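For the sequence shown, UniProt numbering begins at 1 and goes up steadily by one.
Heads up, the thing below is written out as structure tokens.
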Amino acid sequence: MKKSLFLADDDVDDRMLFEDALHEVYTGADLVMATDGEELMEKLQQRLPSLPNLVFLDINMPRMNGFQCLREMRERTLFQDIPVVIISTSNEESIIQQSYSQGANYYICKPNTFEKLKQAIHDVLSLDLKLRATQPSKEEFLLQY
């Protein structure tokens, strides 16, 4: 079955790397990209009634950052059960904790090599993320590469 994935990241290079890595590890994916949380929410709305299997969300973005976007997704009935994986350069404990408490499913510190990024995407797509309720324990929340 073809997976539908959304990615919100303001860095064009990071978006292109993510897309390349995704297509190397999972050829049957439909990827919709946004430059910030506001654009992501617009694209989610445009795609209704079809929802993505998973959203990858950067934290530091203009207009609507990742936390604001995650909060809006969790508050809106239509989008509240979409699994969300935070993918950010920050490895600060407070940022990771805030992501967990706001209901993200997993947190990935952006890998520093293409191979590690491919591994991270592969691992996340291998998880059974059917609903937001699949949030792991705090110890398993942070995926490190």
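Glycine residues also receive a C-beta, built at the ideal position from the N, C-alpha and C atoms.
All values reported here derive from a predicted model rather than from experimental measurement.
The residue among Lys2, Leu31, Lys3, Thr27 with its C-alpha nearest the C-alpha of Arg15 is Leu31. If you draw a straight line from the Cα of Leu78 to the Cα of Leu5, it comes to about 16 Å. In terms of Cβ geometry, Val85 and Leu44 do not form a close pair [threshold 8 Å].
DSSP places Asp30 in the strand class (E or B) of the three-state scheme.
For Lys43, the enclosing alpha helix (DSSP H) stretches over residues 37-47. With a cutoff of 8 Å on beta-carbon distance, Ile95 and Ser101 are scored as not near each other. Sixteen is the threshold: since fewer than 16 other Cβ atoms of the shown chains lie within 10 Å of the Cβ of Asn112, the residue is exposed.
Between Asp20 and Met64, the beta carbon gap of about 26 Å keeps them out of contact (Cβ cut-off 8 Å).
Under DSSP, Ser88 forms a beta bridge with Cys109. Per the coordinates, the alpha-carbon of Pro49 lies some 14 Å from the alpha-carbon of Asp81. Lys3 is bridged by DSSP to Ala29.
Close CB contacts of Glu24 within its chain, under the 7 Å cut and outside five residues either way in sequence, are with Lys118 (chain order).
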